[in-house]
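See structure below.
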Ligand SMILES: C[S@@+](CC[C@H](N)C(=O)[O-])C[C@H]1O[C@@H](n2cnc3c(N)ncnc32)[C@H](O)[C@@H]1O
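Residue numbers (the numbering used here): 19 to 572.
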């Protein structure tokens, strides 16, 4: 028992140092903005802070999960009778609290910096550790007291008769009144106090409330990450009625604030549309069938099985809703850039590492990366933000294709699909979980040189600017999945320059890598204006990315 705690403690100590380091750099500017309802970033610096905060939240989750696993193992070995995961979660969270490892520990109304609509969580205690909901078991969290209180967040479970209608309206039953045999509490009327009072105050003040949905086996959100942050809602109505135990309960009607991104929980909304709770009319078999399907495919019909026509290792399908008859404007799918003849791409200088580039100091290609391997052994970027230019091993190198320094040249590795968005035309989403740092795809097209002007190329939505004084990639008539990826002010992938089959730094491969873990069903997006460089010019002025940090305009 003791050694395991020691391991956990050491682990926390190391992570603590790292978090402390991040905090030191973040604290100067993040400060007061915790109080803001919508964390919009107006400058690229703020954008950086938001992504830093994302990392800090992620780090807190990682610390929690490691600790949770360690404690679970400990309980399994020493006290299997006391193994209650929710209690172990609480214990892990409290251990972290003692080490000041919680994120966003100050309660506030509105979104929480570093957490996005649609983010999923495995354990209830995780919500506490990252500051999304500061209650271990109570459904309503709030700030202030009495008539001054305001609800900050609610967790919607099936414990009470909560109902969800049309994906945007929640009928949420207030707190209290349930019998509790263990604590010898009999069923009673709910009282207008604590969380109930806070929700009422929020209604009067029109103050938004964070909503976290929980799949309890009947709400089919996701099996292993049942808690989903569904965004901000307003409490529009409150009535007092007789509940299932014939005692008085408060029923709050909350409506989702418009303009927030989808959290991919619409699967069951269709079923629950007419105001019916899934539990009230769906048979067990139907529920099981629905549960086994992914919410990504539920609403859409597959129109094209593989738009790459076998050119990619993994087929890329095109889906649209049943009623949508939109088709993709024809283009030629390619898995490599088409360089115009006049480029005469320079010769390569490969490495001699027949053993697979295991010694970074000896590999000529890795030396070009400053002697550091750009990728970890799991083929993910070693450091997401570092090195804007990466040299991978090239066709003339002696190393095998499995070499650790060959990642993005192998093409698409995750199941991606093209779908129709509400306001941005076609978009790309993932059907697989994409871990942070993974290669997603290249932006492929016809490569033109710097002397050619926009008017030569003709205005189109698919021109990717390689950088000042460099070339363009035009993916209008020849391209790959990359041409369908939209812009977001809060992106989940980003562009890296990679060289592997020529030496012209003016024409690097534009490779897209995940900057965070991306769950299945999430749209992929990068910042078209990253680092003050316009990769792709918007023809319309308005941005419809729907993120909390959206600038609205281009
Ligand atoms: C490279 S294309 C992306 C794929 C495109 N949506 C399509 O239907 O083929 C770039 C164009 O997509 C649209 N777009 C991408 N991101 C957008 C956003 N956040 N808001 C509005 N339009 C967007 C703009 O018309 C832009 O010029």
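Each residue gets a CB set at the ideal place from its N, CA and C atoms; glycine is no exception.
Pick from the options: whose alpha carbon is nearest that of residue i?
i	options	result
residue 355	527, 478 and 143	527
residue 253	67, 107 and 169	169
residue 562	103, 442 and 428	442
residue 114	137, 136, 78 and 96	78
residue 357	96, 121 and 496	496
residue 569	505, 182 and 175	505
residue 494	351, 89 and 216	351
residue 321	335, 328, 330 and 327	335
residue 507	134, 363 and 157	134
residue 258	84, 421, 536 and 208	208
residue 70	564, 427, 548 and 534	534
residue 247	219, 177, 172 and 271	172
residue 532	446, 274 and 458	458
residue 432	384, 367, 530 and 389	530
residue 220	159, 195 and 202	159
residue 193	255, 270 and 231	270
residue 491	514, 440 and 554	554
residue 122	110, 152, 273 and 266	152
Taking only the alpha-carbon atoms, compute the straight-line gap between residue i and residue j and give it to the nearest angstrom.
i	j	result
residue 249	residue 148	15 Å
residue 552	residue 268	52 Å
residue 444	residue 347	11 Å
residue 430	residue 102	41 Å
residue 479	residue 503	11 Å
residue 500	residue 142	37 Å
residue 325	residue 318	16 Å
residue 125	residue 567	20 Å
residue 419	residue 373	12 Å
residue 146	residue 452	25 Å
residue 279	residue 150	18 Å
residue 427	residue 116	46 Å
residue 481	residue 162	52 Å
residue 537	residue 450	7 Å
residue 139	residue 76	11 Å
residue 308	residue 461	Legend: pLDDT at residue 308 = 39, less than 50; position of this residue unreliable, value from coordinates given subsequently. Between residue 308 and residue 461, the C-alpha separation is close to 36 Å.
residue 74	residue 330	35 Å
residue 377	residue 371	8 Å
residue 353	residue 498	6 Å
Does DSSP put residue i in a helix, in a strand, or in coil?
i	result
residue 340	coil
residue 87	helix
residue 435	strand
residue 512	strand
residue 116	helix
residue 241	Because residue 241 carries a pLDDT of 42, less than 50, the predicted location of this residue cannot be relied on, and no value is offered for it.
residue 81	helix
residue 527	strand
residue 70	helix
residue 567	coil
residue 493	coil
residue 560	strand
residue 133	coil
residue 422	coil
residue 124	coil
residue 215	helix
residue 48	Because residue 48 carries a pLDDT of 30, less than 50, the predicted location of this residue cannot be relied on, and the following value inherits that uncertainty. Three-state DSSP puts residue 48 in a helix.
residue 182	strand
residue 292	Because the pLDDT of residue 292 is 34, which lies under 50, any placement of that residue in the model is unreliable, and the question is left without a value.
How would you label residue i, buried or exposed, when you count the other beta carbons within 10 angstroms and need 16 or more for buried?
i	result
residue 540	buried
residue 80	exposed
residue 137	buried
residue 338	buried
residue 304	Note that residue 304 scores a pLDDT of 38, beneath 50, so its modelled location is shaky; the value from the coordinates is reported in the next line. The residue is exposed, with fewer than 16 neighbouring Cβ atoms inside 10 Å.
residue 189	buried
residue 100	exposed
residue 118	exposed
residue 204	exposed
residue 91	exposed
residue 381	buried
residue 327	exposed
residue 107	buried
Check whether chain B comes within 7 Å of residue i, counting only Cβ atoms and requiring the distance to be less than that.
i	result
residue 152	Absence of chain B from the displayed structure is noted, only one protein chain being present.
Flag this pair as touching only if the stretch 382-402 and the stretch 480-490 have three or more C-beta atom pairs under 8 Å; answer yes or no. No: the two stretches stay apart, fewer than three of their Cβ pairs being nearer than 8 Å.
Across the stretch 121-132 and the stretch 221-231, are there enough close Cβ pairs to call them in contact, namely three or more that are closer than 8 Å? yes
Is the stretch 454-469 close to the stretch 510-528, with three or more CB pairs under 8 Å? yes
Determine, using beta-carbon pairs with one atom in the stretch 506-520 and one in the stretch 403-421, whether at least three such pairs fall under 8 Å. When Cβ pairs closer than 8 Å are counted between the two stretches, the stretch 506-520 is seen to touch the stretch 403-421, the count reaching three or more.
Check whether the stretch 211-224 touches the stretch 176-185, counting contact only when three or more Cβ pairs, one atom from each stretch, lie closer than 8 Å. no
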